[in-house]
Amino acid sequence: MKRTRLFGFLFVILLGLAAGLSYGWILNPAEVRNTSLDSLRSDYQADYVLMVAEIFAVDQDLPAAAQLLKHVSPVGPSRAVQESLITGQQLNYSIQEMLTLAGLEIAINSEVPLLAQETP
Amino acid sequence: MNEKRGAWYLLTGLILGLFVGIVLSRWVIPVQYSNTEPYSLRDSDRKIYRAVIAQAYMVEADTNRALARLALLRDANPSEVLIAQAQNLLGSQDNEQQARALALLAAAVNQPSLQITPLAPVPTFLTPTPEHLSTNTPTVETPTRTPAATNTPRPTNTPQATLGAPFVLEEQSIVCEPLPAMPLLQITILNAAGEPVPGMKIEISQPNGGVETFYTGLYPEISRGYADYEMQPGMVYAIRVGDAGQLISNLSIPACDNGSGGSLPGSLKLVFRQP
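This is the structure we're talking about:
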C-alpha cells in the first residue's frame with residue numbers, strides 16, 4: 000500500500016510537471032520580447048546585412064561591418080552575408096543591392112578593404 | 000493512521016509538479032524564439048538596429064525606405080527615441096557620424112518630405128554581371144521566404160536634392176519676463192515654411208576652445224525645433240546651426256533689471272530660419 004502511494008505521488012508530480020510545461024510553453028508562452036538580432040526572420044536579417052553592406056560601401060570600415068554582422072550571425076560575418084545573398088536572390092533584390100552584398104562578402108573573405116577603382 | 004490521510008498526497012504532488020513545470024517553462028528553460036520581428040528586440044539590439052538604419056539612410060538618402068524600416072521597431076515616439084540615442088552618443092568623438100545620422104533620421108521622421116544628399120559609395124572593381132553573383136553564392140540551407148519581406152521598400156536610384164540652404168539668424172532677443180531660473184540660450188530652428196525642425200545639429204563653441212554639439216527636438220512640449228543650452232557667467236559663446244550655417248558669436252548672459260537698480264541674469268532667445 001505504501002508503495003502504491005509512492006508511485007501515485009510520483010505520477011501526479013509528473014502529471015503536474017507536464018501540465019506546467021504545457022502551460023508555459025504552449026498555452027501561455029513567455030511574451031516575445033528581449034530577442035536578439037540573430038533570432039530575426041531571414042528577410043529582416045537580409046535587410047540588416049544589406050544596410051551594413053551599404054554602409055561599408057561608403058566607409059570601407061571592415062572591422063566595423065564585421066562587428067555589426069556578428070550580431071546577426073554568431074557563426075561569422077561571412078555566413079551572414081552568404082545567407083543574405085541567397086535570401087536576396089529569392090526576394091528579387093536589385094542587381095545593385097546584390098553587388099553591394101557581394102562586395103562586402105569579398106572584402107570579408109579577403110580581409111582587406113576593397114581598393115577604390117573606377118569601373119571603366 | 001496513514002490510511003486516514005486519503006488522497007490529499009495526490010493533490011500535493013500535482014501542485015508540486017505544476018509549480019516546478021511552470022517555473023521551468025517560464026524562467027529556467029523558456030521558449031526559444033526564432034523568426035522574430037524587429038519590434039521584439041531587446042533594448043541594446045534595438046539601438047544597434049536603429050543606428051544601422053540611420054547610417055544606411057545617410058548612404059541611400061531614401062527617406063521612405065528608412066521610415067519603413069524604422070516603423071518595424073514600433074517605437075511609440077520614434078523621433079524622440081532617435082534624438083535621445085543621438086544625444087547619448089555625442090560624448091564619444093568616434094560616434095559623431097552615427098549621432099548625426101540618427102539626428103537626421105529623426106528630422107526625417109518629423110518631416111518625411113526631407114531630402115538629403117546621399118554619401119557617395121567608394122567604387123569597387125566588381126562589374127554587374129549576374130554570373131559573378133551566382134558563382135559567389137555558396138550552397139547553404141535555404142531560408143524561409145516570408146511575405147513580409149516583399150513589403151520592404153526597395154531603394155530607388157533617383158538623384159536626391161541637397162539638404163537645403165543654410166539657416167540664418169532671424170531673431171535675437173533677451174528674455175527677462177519671466178525671469179529664467181537659469182540663464183539659457185534658447186534656440187528655435189524653423190524651415191523655410193516656418194515649421195520647427197527637429198534633429199538639427201547645433202555647435203556651440205567658446206573662444207578658449209571646446210566645442211559641444213546638441214540637437215533640436217528634445218523638448219517637443221516646447222517645440223520640435225527647440226533646443227537650449229545653459230550659459231555660464233563670464234563665458235562668451237559662438238553657435239552655428241548645421242554644418243554650413245551662419246556663425247553667431249559674442250553670445251553671453253544678458254543682464255535683466257531686477258527692479259531695484261541691480262541686475263539678474265536673463266536668457267537669450269535665438270530664432271534661425273531657412274531662407
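Chains as they are written, first to last, in numbering that gives the first Met the number 0: chain A, 0 to 119; chain B, 0 to 274. Beta carbons are placed, not taken as given, at the ideal position from N, Cα and C, and that holds for glycine. Everything numeric in this text was worked out from a predicted model, so none of it was measured.
Discussion item. Check whether the region 208 to 219 of chain B and the region 165 to 174 of chain B are in contact - that is, three or more C-beta pairs closer than 8 Å.
Written reply: no
Worksheet entry | Neighbourhood of TRP7/B by C-beta distance below 6 Å, restricted to the same chain and skipping five residues each side | Working through the second sequence from its first residue, we reach residue 7/B at position 8. So no residue of the chain qualifies.
Worksheet item: Does any C-beta atom of chain A lie closer than 7 Å to the C-beta of LEU88/B?
Response: Here residue 88/B refers to the residue found at position 89 when the second sequence is read from its first residue. Output row for LEU88/B: interface = no.
Discussion item. In this structure, how does DSSP classify PRO264/B when only helix, strand and coil are distinguished?
Written reply: Stepping through the second sequence from its first residue, residue 264/B is reached at position 265. Correct three-state label for PRO264/B: strand.
Worksheet item: Exposed or buried, what is ARG68/B when buried is set at 16 or more other beta-carbons lying within 10 Å of its beta-carbon?
Response: Taking the second sequence and counting its residues from 1, the one referred to as residue 68/B is at position 69. Looking at its Cβ environment, which holds 16 or more other Cβ atoms inside 10 Å, ARG68/B is buried.
Discussion item. Tell me the rounded alpha-carbon separation between ALA101/A and LEU269/B.
Written reply: As a position in the first sequence, residue 101/A is number 102, starting the count at 1. As a position in the second sequence, residue 269/B is number 270, starting the count at 1. ALA101/A and LEU269/B: Cα-Cα distance of roughly 49 Å.
Item to complete: Reducing DSSP to helix, strand and coil, say where PHE55/A ends up.
Response: What you label residue 55/A is simply residue 56 of the first sequence in a count that begins at 1. PHE55/A falls in the helix class under three-state DSSP.
Worksheet item: List, in order along the chain, the chain B residues whose C-beta lies closer than 7 Å to that of VAL11/A?
Response: As a working mapping, residue 11/A is identified with position 12 in the first sequence. Those within 7 Å of VAL11/A in chain B are LEU9, GLY12, LEU13 and GLY16.
Worksheet item: Could you give the C-beta distance for VAL58/B and LEU17/B, rounded to a whole number, given that I count them as a contact under 8 Å?
Response: The sequence position of residue 58/B within the second sequence is 59, counting from 1. The sequence position of residue 17/B within the second sequence is 18, counting from 1. Their Cβ separation, rounded to whole angstroms, is 54 Å, which puts VAL58/B and LEU17/B out of contact at 8 Å.
Discussion item. Rounding to the nearest angstrom, what Cα-Cα distance links SER24/B and LEU267/B in this structure?
Written reply: Taking the first residue of the second sequence as 1, we reach residue 24/B at position 25. Taking the first residue of the second sequence as 1, we reach residue 267/B at position 268. If you take the alpha carbons of SER24/B and LEU267/B, they lie about 59 Å apart.
Worksheet item: Exposed or buried, what is ASP44/B when buried is set at 16 or more other beta-carbons lying within 10 Å of its beta-carbon?
Response: Here residue 44/B is taken as the residue at index 45 of the second sequence, counted from 1. Buried.
Worksheet item: What is the DSSP secondary structure of PRO127/B, counted as helix, strand or coil?
Response: Walking along the second sequence from the start, residue 127/B turns up at place 128. Note that PRO127/B has pLDDT 45, beneath the 50 cutoff, so the model's placement of it is unreliable and no number is given.
Worksheet item: Which residue's Cα is closest to the Cα of PRO111/B: LEU15/B, TYR214/B, LEU13/B and GLY198/B?
Response: Working through the second sequence from its first residue, we reach residue 111/B at position 112. For PRO111/B, the nearest C-alpha among the options comes from GLY198/B.
Worksheet item: Nearest-angstrom Cα distance between ASP256/B and SER262/B?
Response: Along the second sequence, one-based indexing puts residue 256/B at 257. Along the second sequence, one-based indexing puts residue 262/B at 263. C-alpha separation (whole angstroms): 5 Å.
Practice prompt. Compare the C-beta of PHE166/B against all C-beta atoms of chain A and say whether one is closer than 7 Å.
Written response: As a first step, residue 166/B must be located in the second sequence, where it is residue number 167. By this cut-off, PHE166/B is not an interface position.
Worksheet entry | C-beta contact flag for VAL51/B and PRO77/B at 7 Å | As a first step, residue 51/B is located in the second sequence; it is residue number 52 there, counting from the start. As a first step, residue 77/B is located in the second sequence; it is residue number 78 there, counting from the start. No, the Cβ-Cβ distance between VAL51/B and PRO77/B is not below 7 Å.
Worksheet item: So the alpha helix (DSSP H) ALA106/B belongs to, where does it begin and stop?
Response: On the second sequence, position 107 is the one that residue 106/B refers to. 95 to 109 is the span of the alpha helix (DSSP H), which, as asked, contains ALA106/B.
Fill in: Under 7 Å between C-beta atoms of LEU72/B and PRO37/B
The sequence position of residue 72/B within the second sequence is 73, counting from 1. The sequence position of residue 37/B within the second sequence is 38, counting from 1. Yes. Within cutoff.
Discussion item. Can you tell me where the beta strand (DSSP E) holding ILE203/B begins and where it ends?
Written reply: What you label residue 203/B is simply residue 204 of the second sequence in a count that begins at 1. First-last of the beta strand (DSSP E) with ILE203/B: 200 to 204.
Worksheet item: Where does ALA60/B sit, in a helix, a strand or coil, going by DSSP?
Response: Here residue 60/B refers to the residue found at position 61 of the second sequence. ALA60/B falls in the coil class under three-state DSSP.
Worksheet item: What is the rounded straight-line gap between the Cα of ARG41/B and the Cα of LEU39/A?
Response: Along the second sequence, read from residue 1 onward, the residue named residue 41/B stands at position 42. Along the first sequence, read from residue 1 onward, the residue named residue 39/A stands at position 40. The straight-line gap from Cα to Cα measures roughly 12 Å.
Worksheet item: Between LYS200/B and VAL22/B, what straight-line distance do the alpha-carbon atoms span, to the nearest angstrom?
Response: By one-based count along the second sequence, residue 200/B stands at place 201. By one-based count along the second sequence, residue 22/B stands at place 23. Cα to Cα, LYS200/B sits roughly 50 Å from VAL22/B.
Practice prompt. State the DSSP-derived secondary structure class of ASP242/B, mapped to helix, strand or coil.
Written response: Here residue 242/B is taken as the residue at index 243 of the second sequence, counted from 1. Of the three classes helix, strand and coil, the one that applies to ASP242/B here is coil, per DSSP.
Practice prompt. Quick one: measure Cβ to Cβ for SER204/B and ALA237/B, integer angstroms, because I've assumed they're closer than 8 Å.
Written response: By one-based count along the second sequence, residue 204/B stands at place 205. By one-based count along the second sequence, residue 237/B stands at place 238. About 5 Å separates the two Cβ atoms, so the contact holds.
Practice prompt. Using 10 angstroms around the beta-carbon of PRO182/B, count the other beta-carbons present and answer buried if the total reaches 16, otherwise exposed.
Written response: Residue numbering aside, residue 182/B sits at position 183 when the second sequence is read from its first letter. Answer is buried; the Cβ neighbour count reaches 16.
Item to complete: State the Cα-Cα distance for the pair SER251/B and MET230/B, rounded to the nearest angstrom.
Response: In the second sequence, residue 251/B corresponds to position 252, counting from 1. In the second sequence, residue 230/B corresponds to position 231, counting from 1. Rounded to whole angstroms, SER251/B to MET230/B spans 7 Å at the Cα level.
Worksheet item: Looking only at C-alpha atoms, which of GLN54/B, LEU184/B, LEU189/B and GLY258/B sits nearest to ARG99/B?
Response: The residue given as residue 99/B occupies position 100 in the second sequence. The option with the nearest alpha carbon to ARG99/B is GLN54/B.
Discussion item. Between ASP44/B and chain A, is the shortest Cβ-Cβ distance under 7 Å, so that the two count as touching?
Written reply: Here residue 44/B is taken as the residue at index 45 of the second sequence, counted from 1. ASP44/B counts as touching chain A.
Worksheet item: The alpha helix (DSSP H) spanning GLN66/A covers which residue range?
Response: Stepping through the first sequence from its first residue, residue 66/A is reached at position 67. Element bounds for GLN66/A: 61 to 69.
Worksheet item: For PRO112/A, which of helix, strand or coil comes out of DSSP?
Response: Numbered from its first residue, the first sequence carries residue 112/A at position 113. Its pLDDT being 46, under 50, PRO112/A is placed unreliably by the model, and the measurement read from it follows with that caveat. DSSP places PRO112/A in coil when its eight states are reduced to three.
Worksheet item: Given that GLU36/B touches chain A, what residues does it touch there, using C-beta distances under 9 Å?
Response: Locating residue 36/B in the second sequence gives position 37, where the first residue counts as 1. Ordered by position in chain A, the residues that pass the 9 Å Cβ test against GLU36/B are VAL31, THR34, LEU39, ARG40 and TYR43.
Worksheet item: Which whole-angstrom value describes the C-beta separation of ALA85/B and TYR214/B, a residue pair presumed to lie in contact below a C-beta threshold of 8 Å?
Response: Taking the first residue of the second sequence as position 1, residue 85/B is located at position 86. Taking the first residue of the second sequence as position 1, residue 214/B is located at position 215. So it is a contact: roughly 6 Å between Cβ atoms.
Worksheet item: How long is the line joining the alpha carbons of PRO195/B and ILE188/B, rounded to whole angstroms?
Response: Locating residue 195/B in the second sequence gives position 196, counting from the first residue. Locating residue 188/B in the second sequence gives position 189, counting from the first residue. The alpha-carbon atoms of PRO195/B and ILE188/B are separated by roughly 6 Å.
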